[in-house]
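Colleague: Residues 605 to 1041 (my numbering) are what the sequence shown spells out, left to right.
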Amino acid sequence: MSLTKTKRDTALATAASITPGAPGMADLLARNGVEPVFRSLEAELRGEIAEEIPSRWIDVAAYDTADQQWLVQGLDLLVRNAAAAGPGFDGARACSLLVDRVRERRFDPAISGERFTYEILTLSSWLESALPAGLAVPAAPARGRLDELYRAAAAGPFDPEALTAALLPALTDRLGEQLTWWTSGPAEPEDPAWLESTARALQAFVRDGTGLITGACADGPLNEGFAFERDVVGASARPDDDTSRLGFLRRQVHLMGRDPAYGSALDAAGYDHTRADAADALDDLLRAWLAGDDALHELVGGLLARTPAHRGGPGGWIYVPDLPPGEGWGPRAAWRPYVYRLMLHELLHRLAHPRYVAAAAEVADPQILDEGVVDLLTCEFLELSRADPELGELVPDDVTAGYGTSGRAAAAIQDLAGPDNLKAAFFLGRTDLIGLP
Ligand SMILES: [Zn+2]
605 MSLTKTKRDT
615 ALATAASITP
625 GAPGMADLLA
635 RNGVEPVFRS
645 LEAELRGEIA
655 EEIPSRWIDV
665 AAYDTADQQW
675 LVQGLDLLVR
685 NAAAAGPGFD
695 GARACSLLVD
705 RVRERRFDPA
715 ISGERFTYEI
725 LTLSSWLESA
735 LPAGLAVPAA
745 PARGRLDELY
755 RAAAAGPFDP
765 EALTAALLPA
775 LTDRLGEQLT
785 WWTSGPAEPE
795 DPAWLESTAR
805 ALQAFVRDGT
815 GLITGACADG
825 PLNEGFAFER
835 DVVGASARPD
845 DDTSRLGFLR
855 RQVHLMGRDP
865 AYGSALDAAG
875 YDHTRADAAD
885 ALDDLLRAWL
895 AGDDALHELV
905 GGLLARTPAH
915 RGGPGGWIYV
925 PDLPPGEGWG
935 PRAAWRPYVY
945 RLMLHELLHR
955 LAHPRYVAAA
965 AEVADPQILD
975 EGVVDLLTCE
985 FLELSRADPE
995 LGELVPDDVT
1005 AGYGTSGRAA
1015 AAIQDLAGPD
1025 NLKAAFFLGR
1035 TDLIGLP
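What follows is the structure in structure tokens.
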């Protein structure tokens, strides 16, 4: 069996082929019982450290027969393919992961063939090691160009007053215009059942239709019982508190403040995100804006309920707009495609590897790796979903990545490091593959 599940995975394929499990395993289990077969496969996968840690048989003994069959056949598959997984593969961890993930199993080894194989390779972390094993860290001159993209331009001390003068009036105008679009819309909210079914279809599509690497993180949400439809909630229910307001304003300021149309105001004011206290100084300024400007305070409050947002970290609500805007925003037919795109974008935020998220926060313009790359991947996956029977009709004719200069920098990183390297960084936390620590 070839590792290539889809054409998109071709470049990632490292091992030439996957050795299938033993055909007579069911007979062997019937003859010898599960315990000795499990213990022997477990010991083989653990290698030298097998004696040092207690066997997981104590857990497995309590599983029902179908779970045990799945597990033992999965371990057999891993033993036969361990050497092909690359240097990062940890057999002991893989064995333990399968024991823990047996409740997530979807495919029966007796009838599901290839799908069972990919399920085992994914849940055990085999794919997580094997997929990036053939990728190389960026070399010069690409490495130097990447460093430039992550580094801040030389800047003087941060001048909050300059930022206020350059940005606050334009920001207030822009938010005012946006709020007018929204408040002129119908009062009838989007059908929550549509949000829920779209979220469910979207998660299934992203897991099964976008290439192996998307779901290859063994500890990632797609393998840990995450249900997007459970976490998606209409933004009209978003709490209005100081933290949400500050977060909203911070995003707007990073977005507009890096836009040459507004004089690249953050750079011009000497804001350097890589300096230790820069983010705090900016937050202090934004708090002062909110406290001292009633109009801004009101606009932010109104827009919170219309704006997508997600909680940082692995869990929690993902807000998507559920109150349609008025005609000034655009035709009503564009509304559901708009929400669909936002949902995909927010789902991708949830799938970003924690190491990637941490690395993104350390570069000069965190919006590049955070929003720019998320939107780049959103566009790629949107195009792929055109062929999906349920989601295809929600893809707009014209799909282009946003986030201005940050978005363009994200595209440059993809070109310099390569699209597979970028995905390995994003989904698997292999940030070294895009030239980051
Ligand atoms: Zn985003």
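Note that CB positions come from ideal geometry on N, CA and C, so glycine has one too. Remember, it's a predicted structure, so these values are computed and weren't measured experimentally.
(1) Can you list, in chain order, the residues of its chain with a C-beta nearer than 8 angstroms to that of Leu889? Leave out the 5 residues immediately preceding and following it.
(2) Going by CA-CA distance only, name the one from Ile622, Ala839, Gly813 that's closest to Asp992.
(3) Answer yes or no: the CB of His957 versus the heavy atoms of ligand 1, is any distance below 7 angstroms?
(4) What does the Cβ neighbour count give for Asn827, buried or exposed, with the cut at 16 atoms within 10 Å?
(5) Determine the DSSP secondary structure at Gly838, reduced to helix, strand or coil.
(6) Around the C-beta of Ser989, are 16 or more other C-beta atoms found within 10 angstroms, so that it is buried, or is it exposed?
(7) What is the residue span of the beta strand (DSSP E) that Ile922 lies within?
(8) Should the region 783 to 801 be called in touch with the region 927 to 945, which here means at least 3 C-beta pairs below 8 angstroms?
(9) Does the Cβ of Thr721 have 16 or more other Cβ atoms within 10 Å, making it buried, or fewer, making it exposed?
(10) Could you check what DSSP says for Ala913 in three-state terms: helix, strand or coil?
(11) Alpha carbon to alpha carbon, how far is Leu1020 from Thr623?
(12) Does the region 1028 to 1036 come close enough to the region 993 to 1005 to have 3 or more Cβ pairs within less than 8 angstroms?
(13) Which whole runs of the alpha helix (DSSP H) in the region 687 to 726 are 4 residues long or more, in chain order?
(14) Closer than 7 angstroms: is that where the CB of His858 sits relative to any heavy atom of ligand 1?
(15) I'd like the span of the alpha helix (DSSP H) that includes Trp661, first residue to last.
(16) What are the boundary residues of the alpha helix (DSSP H) that includes Tyr866?
(17) With a threshold of 16 other CB atoms inside 10 Å of the CB of Ala620, please say whether the residue is buried or exposed.
(18) For Glu931, which of helix, strand or coil comes out of DSSP?
(19) Quick one: give me the first and last residue of the alpha helix (DSSP H) that Asn827 is part of.
(20) Taking Gly748 and Leu903 to be in contact with their CB atoms under 8 angstroms, please state how far apart those CB atoms are, rounded to whole angstroms.
(21) What's the gap between the Cα of Val706 and the Cα of Gln677?
(22) Does DSSP classify Ser606 as helix, strand or coil?
(23) What residue from Val967, Val924, Phe852, Ile715 has the CA that sits closest to Leu882's CA?
(24) On the three-state DSSP scale, how would you describe Ala766?
(25) Figure out for me which residue from Ile715, Pro761, Pro745, Gly695 has the closest Cα to the Cα of Ser729.
(26) DSSP three-state label for Asp845, please.
(27) Measuring CB to CB, does Asp924 end up less than 8 angstroms from Val1003?
(28) Tell me the DSSP secondary structure of Tyr1007 in three-state form.
(29) Would you say the beta carbon of Val924 comes nearer than 7 angstroms to a heavy atom of ligand 1?
(30) Got a sec? Which residues, its chain only, sit under 7 angstroms from Gly690 by beta carbon, not counting five neighbours each side?
Modeller: Working from what's here:
(1) For the purposes of this step, residue 889 is taken as residue 285 along the sequence shown, with counting starting at 1. Shown here for Leu889: same chain residues with a beta carbon closer than 8 angstroms to its own, the five before and five after excluded, namely Pro764, Leu767, Thr768 in chain order.
(2) By one-based count along the sequence shown, residue 992 stands at place 388. Looking at the Cα atoms, Gly813 is the closest of the given residues.
(3) Here residue 957 is taken as the residue at index 353 of the sequence shown, counted from 1. Of the heavy atoms belonging to ligand 1, none sits nearer than 7 angstroms to the Cβ of His957.
(4) Within the sequence shown, the letter at position 223 stands for residue 827. It is buried - the Cβ of Asn827 has at least 16 other Cβ atoms within 10 Å.
(5) For the purposes of this step, residue 838 is taken as the residue at position 234 of the sequence shown. Strand at Gly838.
(6) Numbered from its first residue, the sequence shown carries residue 989 at position 385. Taking all protein chains in view, the Cβ of Ser989 is crowded by 16 or more other Cβ atoms within 10 Å, so the residue is classified as buried.
(7) On the sequence shown, position 318 is the one that residue 922 refers to. Here the beta strand (DSSP E) through Ile922 covers 922 to 924.
(8) Yes, the region 783 to 801 is in contact with the region 927 to 945.
(9) Numbered from its first residue, the sequence shown carries residue 721 at position 117. Around the C-beta of Thr721, 16 or more other C-beta atoms lie within 10 Å, and the residue is accordingly described as buried.
(10) The residue labelled residue 913 in the question sits at position 309 within the sequence shown. Three-state DSSP puts Ala913 in a strand.
(11) Within the sequence shown, residue 1020 is the residue found at index 416, counting from 1. Within the sequence shown, residue 623 is the residue found at index 19, counting from 1. Between the C-alpha atoms of Leu1020 and Thr623 there is a straight-line separation of about 34 angstroms.
(12) Under the Cβ criterion (8 angstroms, minimum of three pairs), the region 1028 to 1036 does not count as touching the region 993 to 1005.
(13) Segments of the alpha helix (DSSP H) lying fully in the region 687 to 726: 695 to 705, 713 to 716.
(14) As a first step, residue 858 must be located in the sequence shown, where it is residue number 254. In terms of side-chain proximity, the C-beta atom of His858 is found no nearer than 7 angstroms to any non-hydrogen atom of ligand 1.
(15) Working through the sequence shown from its first residue, we reach residue 661 at position 57. Counting along the chain, the alpha helix (DSSP H) containing Trp661 begins and ends at 661 to 664.
(16) As a first step, residue 866 must be located in the sequence shown, where it is residue number 262. Careful: Tyr866 lies outside any alpha helix (DSSP H) and carries neither H nor E.
(17) Mapped onto the sequence shown, residue 620 falls at position 16. At Ala620 the pLDDT is 42, less than 50, meaning the model places this residue with poor confidence; the figure from the coordinates comes in the next sentence. By the Cβ neighbour-count rule, Ala620 is exposed, with fewer than 16 other Cβ atoms within 10 Å of its own.
(18) For the purposes of this step, residue 931 is identified with residue 327 of the sequence shown, where counting begins at 1. Correct three-state label for Glu931: coil.
(19) For this step, residue 827 is matched to residue 223 along the sequence shown. It is not in any alpha helix (DSSP H) - Asn827 carries neither H nor E in the DSSP assignment.
(20) On the sequence shown, position 144 is the one that residue 748 refers to. On the sequence shown, position 299 is the one that residue 903 refers to. Not quite, the Cβ-Cβ distance comes to about 42 angstroms (not below 8 angstroms), so this is no contact.
(21) As a first step, residue 706 is located in the sequence shown; it is residue number 102 there, counting from the start. As a first step, residue 677 is located in the sequence shown; it is residue number 73 there, counting from the start. Cα to Cα, Val706 sits roughly 12 angstroms from Gln677.
(22) Numbered from 1 along the sequence shown, position 2 holds the residue referred to as residue 606. Bear in mind that the predicted position of Ser606 carries a pLDDT of just 42, short of 50, making it too unreliable to give a figure here.
(23) As a working mapping, residue 882 is identified with position 278 in the sequence shown. It should be noted that the sequence gives Ala, not Leu, for residue 882. Checked all of Val967, Val924, Phe852, Ile715; the closest Cα to Ala882 is Val967.
(24) For the purposes of this step, residue 766 is taken as residue 162 along the sequence shown, with counting starting at 1. Residue state, collapsed to three classes: helix.
(25) For this step, residue 729 is matched to residue 125 along the sequence shown. Looking at Ile715, Pro761, Pro745, Gly695, the one whose alpha-carbon comes closest to that of Ser729 is Gly695.
(26) Taking the first residue of the sequence shown as 1, we reach residue 845 at position 241. Note: Asp845 maps to coil in three-state DSSP.
(27) As a first step, residue 924 is located in the sequence shown; it is residue number 320 there, counting from the start. As a first step, residue 1003 is located in the sequence shown; it is residue number 399 there, counting from the start. According to the sequence shown, residue 924 is Val rather than Asp. No; because the gap between Cβ atoms is not below 8 angstroms, this pair is not in contact.
(28) Translated into positions along the sequence shown, residue 1007 becomes position 403. In the structure shown, Tyr1007 adopts coil according to DSSP, grouped into three states.
(29) Here residue 924 refers to the residue found at position 320 of the sequence shown. Within 7 angstroms of the C-beta of Val924 there is not a single heavy atom belonging to ligand 1.
(30) By one-based count along the sequence shown, residue 690 stands at place 86. The residues are Thr618, Ser733, Ala734, Ala737.
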